[in-house]
Structures are given as structure tokens and as C-alpha cells.
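Each residue of the sequence shown is one higher than the last, beginning at 3 in our numbering. Notes follow the structure.
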Amino acid sequence: MSLPSQVRLIEVGPRDGLQNEAQPISVADKVQLVDALSAAGLGYIEVGSFVSPKWVPQMAGSADVFAQIQRKPGVTYGALAPNLRGFEDALAAGVKEVAVFAAASEAFSQRNINCSISESLARFAPIMESAKQHGVTVRGYVSCVLGCPYEGEVAPEQVAMVARELYAMGCYEVSLGDTIGTGTAGATRRLFEVVSNQVPREKLAGHFHDTYGQAMANIYASLLEGIAVFDSSIAGLGGCPYAKGASGNVATEDVVYLLNGLGIETGIDLDALIAAGQQISAVLGRPTGSRVAKARSAQ
């Protein structure tokens with residue numbers, strides 16, 4: 003299969019990237035990050051999450067962030083809304099697209115959201131109905147698609163079942179997440195081969211963590227499978243509060259560099275992106291997690 007000519011990147015840094023940080027991050031710093039990402043040309047930015055601050059303290063100010071960002075025409079500003087209360091809060095904040103998530107692993111589902119996979123899917127029914135009524139689009143996530151911290155390997159067929167359910171209930175796109183970053187290129191290709199029997203490839207996306215240093219290889223493997231949408235995080239920020247040892251998402255800067263080298267269009271300004279990553283890294287008081295940004299700064 004030939005490589006796609008264009009790729010759409012979903013920037014998850016302000017949500018998935020920052021949610022696992024121990025230190026408080028101000029609303030002003032989050033707004034500055036989102037605006038910098040918009041200016042760099044990203045067409046989709048996951049701004050925050052409407053969850054209980056008891057579970058994810060860093061997302062407590064998401065409504066304030068949405069109120070203060072400079073919304074750029076043509077850019078989608080999304081949010082995670084795992085239940086109806088979260089969806090209603092997102093709606094009140096003017097969010098036009100939300101994401102819901104389910105796990106491919108029963109053990110992870112229980113540890114993460116305290117219910118089974120089937121129970122989690124059932125919780126999304128009222129969200130989907132309300133979203134339809136209010137003209138809000140819904141994107142789906144499946145976590146632990148290439149491994150679980152509690153169960154080990156996860157069968158592609160199990161991932162396909164969950165992805166099919168999310169797609170059938172109305173998610174316009176389903177992102178498959180290697181939450182603990184243990185996947186390899188061969189396993190990634192097999193995953194998309196199996197899942198695409200249930201959900202069209204053009205409705206699938208990849209979400210790779212770089213715990214084992216395999217994220218870029220997995221993205222290339224996904225491109226070979228015709229996948230043209232990827233989640234990434236500025237400066238490689240992120241991790242998972244419920245997956246011990248899971249490191250950050252693949253850095254957006256590194257993905258853009260790869261795609262540029264392959265002649266694949268993204269519409270993103272790499273220099274502006276690097277600057278945005280360095281800015282948020284300075285706020286966090288540590289070096290950027292982007293290999294490309296580090297190499298550029300060393301030149």
C-alpha cells in the first residue's frame with residue numbers, strides 16, 4: 003500500500019500531555035500553549051478534559067482554558083468527556099467536539115474507570131444521543147491496544163470488537179492507543195489489518211507512546227497500512243496516570259519531521275512547533291522530550 007499524501011495530526015499535549023504532571027500548571031500557561039499550537043498550524047488540538055478534578059487534578063481548569071484561548075478559524079478544539087456530566091460541562095464551555103475512551107483490556111478498564119468494557123460502552127449511549135442533538139461530533143479512543151500493564155498482550159480481535167462498538171454508536175473516528183508503548187512495527191501492522199476488517203481504515207487513527215522507543219517505527223508501519231491520522235504530543239509530554247511506567251506520547255515535532263522527510267503534507271510549521279515545545283518545557287522546568295528539537299538546539 004502506498005503512503006498517504008496528507009496526514010492529519012491530533013495534538014493531545016494540552017490534555018493527554020499535561021494530565022500526568024505533578025506540579026500545578028496555570029490556566030494562563032495552558033492558554034499560551036494552545037494558542038502557540040494554533041499559530042504553528044495544527045488543525046486539531048485537544049485542549050482539556052471534563053473529568054472530576056479528584057481523579058485528574060491538572061484538568062480542573064479546562065472550562066477556563068476554553069474561555070480564554072484565541073480560537074482560530076478552521077481549527078478544532080476538542081476535549082475529553084468520559085461521561086454525561088463531563089459532556090454537559092464541555093457543552094457549556096462551547097466545545098464542538100468531544101472524545102470518549104474505552105479500553106481493550108478488562109483489567110485496565112476496571113483500574114482506570116472502575117467498570118467493565120461493556121459497562122463503559124453503555125455509559126457512552128447518552129453522550130452520543132446528546133451530542134447528536136447538539137451537533138457535537140464525537141471521536142473514540144481505545145487504550146491498551148498493543149499491551150496492558152496488568153494483562154500483558156492484548157489480542158487484535160479484542161481491540162477490533164471495542165473499535166467496532168465505538169464506530170457503530172457514532173464515533174466518526176477511532177484512535178487506537180498503545181498506552182504503555184510496548185508495541186512494535188509488526189504488531190502494529192497486524193493490529194490495523196485486523197481492526198480494519200471491522201472499521202474502515204480511513205476512520206482509524208494511531209496513538210503511540212514512546213516508552214520502548216518504538217513510536218516512530220510504529221507510525222511508519224501505520225502509514226504503510228494506509229493510516230493517515232495520528233495523535234501526538236508537543237515536546238513528547240504525557241504518560242498515563244493508570245499505567246505505571248508509561249512514558250510520554252510521541253513528540254509532535256518528531257512526527258512532523260518524519261512526515262516532511264517522506265514528502266507528506268501536514269500544513270504545520272516545524273520551527274514554530276519547536277518553539278512552542280521549548281516554551282512549555284521551560285514552564286515545566288525540564289528539557290523538551292523531542293529528539294528533533296534537541297538536535298536543532300545543539301546545532
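The beta-carbon is built from N, C-alpha and C at its ideal position, and this holds for glycine as well.
What's the gap between the Cα of residue i and the Cα of residue j?
i	j	result
Ala-83	Val-138	12 Å
Arg-233	Ser-118	Here residue 233 turns out to be Asp, not Arg, going by the sequence shown. Computed Cα separation, rounded: 25 Å.
Ser-198	Met-218	21 Å
Tyr-79	Glu-195	30 Å
Leu-44	Ser-235	11 Å
Asn-85	Pro-128	8 Å
Glu-255	Ala-38	13 Å
Ala-295	Gly-19	17 Å
Ala-133	Val-140	7 Å
Gly-63	Gln-281	20 Å
Glu-90	Met-130	12 Å
Val-53	Pro-26	17 Å
Ala-277	Glu-121	42 Å
Pro-202	Gln-216	25 Å
Leu-193	His-209	13 Å
Ile-270	Gly-279	14 Å
Asn-251	Ala-92	24 Å
Pro-158	Gln-301	42 Å
Val-33	Gln-72	8 Å
Tyr-259	Ala-187	19 Å
Ala-297	Thr-290	11 Å
Ile-229	Leu-286	33 Å
Arg-288	Tyr-214	21 Å
Gln-200	Leu-275	35 Å
Ala-24	Asn-116	23 Å
For residue i, count neighbouring Cβ atoms within 10 angstroms of its own Cβ and tell me buried if that reaches 16, exposed if not.
i	result
Ser-28	exposed
Tyr-174	exposed
Gly-183	buried
Glu-13	buried
Asp-273	exposed
Gly-142	buried
Ala-124	exposed
Pro-55	exposed
Ala-284	exposed
Glu-204	exposed
Ser-4	exposed
Leu-264	exposed
Gly-185	buried
Gly-88	buried
Which partner residues does residue i have in the DSSP bridge list?
i	result
Ala-81	Gly-50 and Val-100
Asp-91	DSSP output for Asp-91 lists no bridge partner at all.
Thr-181	According to DSSP, Thr-181 bridges with nothing at all.
Asp-212	In DSSP, Asp-212 forms no bridge with anything.
Gln-8	Glu-267
Phe-110	In DSSP, Phe-110 forms no bridge with anything.
Glu-175	Arg-141
Here's a check: name, in chain order, each residue in its chain whose Cβ is nearer than 7 Å to the Cβ of residue i, leaving out the five neighbours to either side.
i	result
Phe-126	Val-102 and Met-171
Gly-154	none
Ser-51	Arg-17, Gln-21, Val-58, Met-61, Ser-64, Ala-81 and Leu-82
Leu-225	Leu-5 and Pro-6
Taking the Cβ atom as the reference point for each residue, do residue i and residue j lie within a distance shorter than 8 Å?
i	j	result
Val-231	Ala-207	yes
Pro-6	Ile-221	no
Val-77	Ser-40	yes
Tyr-46	Phe-110	no
Pro-75	Val-49	no
Thr-181	His-136	no
Gly-238	Ser-292	yes
Thr-190	Ala-223	yes
Phe-68	Ala-42	no
Val-257	Leu-35	no
Beta-carbon within less than 8 Å of residue i's beta-carbon, same chain only, minus the 5 sequence neighbours each way: which residues are those?
i	result
Val-144	Phe-103, Ala-104, Ala-105, Ala-106, Val-161, Val-164, Ala-165, Leu-168, Val-176, Ser-177, Leu-178 and Gly-179
Asp-66	Val-29
Val-334	The chain is shown only over 3 to 301; residue 334 falls outside these bounds and no answer can be derived.
Which same chain residues end up closer than 6 Å to residue i when comparing Cβ atoms and leaving out the 5 residues on each side of it in sequence?
i	result
Val-97	Ala-81
Leu-261	Val-9 and Thr-268
Glu-227	Arg-191 and Phe-194
Gln-70	Val-33
Asp-307	Residue numbering for the chain in the displayed model covers 3 to 301; residue 307 lies beyond these limits and cannot be assessed.
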